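See structure below.
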Amino acid sequence: MTDSTTSTSNSSNNPQSLFKTVTQPQHSCLCDSKAAHFLRHEVKNGVLAAMGILESLLLEEQTDQQHHLTDLSNTLNALLSRTVDCAMTLEVVHGDYGPSFESVRLPHLLANSNDEQDTARFPVLTPTCTTTDDFPALMLDPTLLRTIHGNAVSNACKFGKPAGLVETRLSYDSKNQTLTMQVQNEPGPGHQELLKTMNTPQQQAKIFQEQAKLPCNNNTDNASEQVKQGEGNGAWILQSCARAMGGHASISFEPNRTLLTFECPALVAPSFKNYARQDSPSLAVPMDISLPVQQPQVMQAQQDEQNEDQEEEAFEIPENTWCIVVEDSAVQRKMLQRYLARAGVKPERCLLLGQTPDEIFDFIDRTTQLMREHKNDNFLIIMDENLDIVEGGTVSKTISGSCSVQKLRESLEPRDESRLLSLIRSANDSLHEQRLYQERAHGFISKGPIKQGNLLDVIKPWWKRRFAATTAKPAPAPAPAVTLPASEPPKKKYKLYASSSASSMTSLLSVLNSNSPLDRQVLRRSKTNTDASFCPYRYHSMGRANTKRRSDGLMRHSNSSPTIRTVPMGLVTVLQSEQQATNNRLCNYFFAKRGWNPTPSMGCMDSKC
1 MTDSTTSTSN SSNNPQSLFK TVTQPQHSCL CDSKAAHFLR HEVKNGVLAA MGILESLLLE
61 EQTDQQHHLT DLSNTLNALL SRTVDCAMTL EVVHGDYGPS FESVRLPHLL ANSNDEQDTA
121 RFPVLTPTCT TTDDFPALML DPTLLRTIHG NAVSNACKFG KPAGLVETRL SYDSKNQTLT
181 MQVQNEPGPG HQELLKTMNT PQQQAKIFQE QAKLPCNNNT DNASEQVKQG EGNGAWILQS
241 CARAMGGHAS ISFEPNRTLL TFECPALVAP SFKNYARQDS PSLAVPMDIS LPVQQPQVMQ
301 AQQDEQNEDQ EEEAFEIPEN TWCIVVEDSA VQRKMLQRYL ARAGVKPERC LLLGQTPDEI
361 FDFIDRTTQL MREHKNDNFL IIMDENLDIV EGGTVSKTIS GSCSVQKLRE SLEPRDESRL
421 LSLIRSANDS LHEQRLYQER AHGFISKGPI KQGNLLDVIK PWWKRRFAAT TAKPAPAPAP
481 AVTLPASEPP KKKYKLYASS SASSMTSLLS VLNSNSPLDR QVLRRSKTNT DASFCPYRYH
541 SMGRANTKRR SDGLMRHSNS SPTIRTVPMG LVTVLQSEQQ ATNNRLCNYF FAKRGWNPTP
601 SMGCMDSKC
């Protein structure tokens, strides 16, 4: 996938000359050195760009502030993404990265990541497809996907036709629960030699080995079209990221294109209620059809829908909750204070610590004393993992927030400890570190940007997991059954929702039927053309970055009409007081099927996971 200074004439005679072998210690040191150099370069450029925007913001009139603030936000977000991607790559290389699966709308993710690409490596890529709602939200690792797609497009721009077309296609097989991403480019210089030397699967597989380099064509007259020497690790890193997600990558050279294919198992995001919500078109397709529905079933459906709406109430932190924030950064303290206030926490019940070393050292004593004074209240602790102790203008030592929380929990009585929820914030998302945080505290929050009003969504899964018994609602009384004469079955228009993932929907229903005491399923069958969907992206490489091109026939659906189960609105989620327990079973069912270890960020509330 990556380039080399080896000429095409020499490589055609000896395919083995394409690949260079280095020792493991040399390779590890080289990777660490290159990654550190790249990270320093990216951080420096990002900070300089942010400083330039701030300078412009100070000099311009107030009417232009919104524009500069938007640029500043985009620059900092891009810098953070590149830094996280670089750190993730190092962990993948050393085998210390555990995928963090979350609900991802892949077309949106790729569109946003392409806006953040470095134009010095390859041009900004603009997607031409805007109908992304037809593609389902999947449980994926966004950082791994950004790296896989970025490396694939980068190499396609390097080795493809100058000013040619680079195209990305996405497809999801709902039957086999498999995601497929294909990146193809038009033939570039030296493509004919690749057809001769890379014509077997064995030779194509060697491209994904360490330090493997493809030959480049340096015989072109246009110097701008010559491919510079590469490091030879792009395809290897891409394959490592693919394997970390349980998938694999492959490449094929055809007469009219080069095609890189990435496949991995993927589940539709396990948000069960989204199957019956019009604001989630990727998971549900509304249809108005006429069905003969018995009146008792309609009455029960309406009652279940009302119960579902009651359960859909927004999560709120109880009023008898104290929030303790320990953060050595003044900016982070103000940000968390603002988010907690929007979440409904009163200022008098929010304690901010970390401004001075004494506040960090006295954290355990102050928290213990506060819990003794308020024996009937709950306590939420949000603590930074790395707390720097600054003395004399320099950092003298660093206190571990998770170790401090562990000491606090050990010093408390069991009754008091049961009223405590402690969450650790850290920018280190490695698998080893996350396990440590889970052992020392109750949960872990990735130290990244929190969208406005989204703090409750971050806290909610940990709160439900910790205080599920105390927050459970009583089961509502069942609706009285009403019967009509069988001779007059009324026909009533009823809104049904057909899942775009037929296999997943059927699996969900089978789990519900076998694990929950339900006796009111109203199931109908319908036909829909939503078995598979394609959501293409088309890009230009080298010279025509911002020019959009589009052709007919890219957006297509399967012609098959599978018979799938559908459920009337209101009956998709009818568990009422057993909602939480059923969600646990659903999560465990899906993730155990793939051999994955669920985390609260994935929606699983089972403490045994």
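At the far end of the sequence shown sits residue 609, using the UniProt record's numbering, and the numbering has no gaps.
Even glycine gets a Cβ: it sits at the ideal position worked out from N, Cα and C.
The structure presented is a predicted model; accordingly, all values stated were derived computationally and were not measured.
When rounded, the separation of the alpha-carbon atoms in V390 and M383 is 18 Å.
Bridge pairing for Q184: E167, L259 [DSSP]. If you look at K397, you'll find it in the beta strand (DSSP E) that goes 394 to 400. When the beta-carbon positions are compared, N151 and V166 stay at least 7 Å from each other. If you draw a straight line from the Cα of R338 to the Cα of I324, it is about 13 Å long. Counting the other CB atoms within 10 Å of its CB gives V331 a total below 16, which places it among the exposed residues. Comparing alpha-carbon positions, the option among E91, M181, L90 lying closest to F135 turns out to be M181. Boundaries of the alpha helix (DSSP H) harbouring I148: 142 to 159, taken from the DSSP string. A contact is defined here as three or more CB-CB pairs under 8 Å, and the stretch 235 to 244 fails this definition with respect to the stretch 70 to 86.
In the DSSP assignment, F379 is bridged to W322, L420.
The beta carbon of L336 is closer than 6 Å to those of V325 in its chain, skipping five residues each way along the sequence. Here I399 really is in contact with I360; their C-beta atoms are around 6 Å apart, less than 8 Å.
L106 is positioned such that its CB atom lies closer than 7 Å to that of L170. Per DSSP, the beta bridge partners of T178 are D173, P265. Here F262 is near A242, since their CB atoms are less than 7 Å apart. Taking C-beta atoms as the reference points, A269 and A468 fail to come closer than 7 Å.
The continuous alpha helix (DSSP H) containing I360 extends over residues 357 to 361.
With a cutoff of 7 Å on beta-carbon distance, R342 and S402 are scored as not near each other. Take the alpha-carbon of P265 and the one of L145: they are about 13 Å apart. Looking at the backbone, the Cα of P189 and that of K158 are separated by about 10 Å.
By the CB criterion at 7 Å, L352 and R333 fall inside the cutoff. Bounds of the beta strand (DSSP E) holding D388 are 386 to 391.
Nearest in C-alpha terms to V345, of all of F379, S396, F363, is F379. Here the alpha carbon of S240 sits roughly 17 Å from the alpha carbon of F101. Taken through DSSP and simplified to helix, strand or coil, V345 comes out as coil. Using a Cβ distance threshold of 7 Å, V104 and L80 do not count as a contacting pair.
Non-local C-beta neighbours of R349 in its own chain, meaning closer than 6 Å and more than five positions away in sequence, comprise W322, ordered along the chain. E102 carries a strand assignment under DSSP once its states are collapsed to helix, strand and coil.
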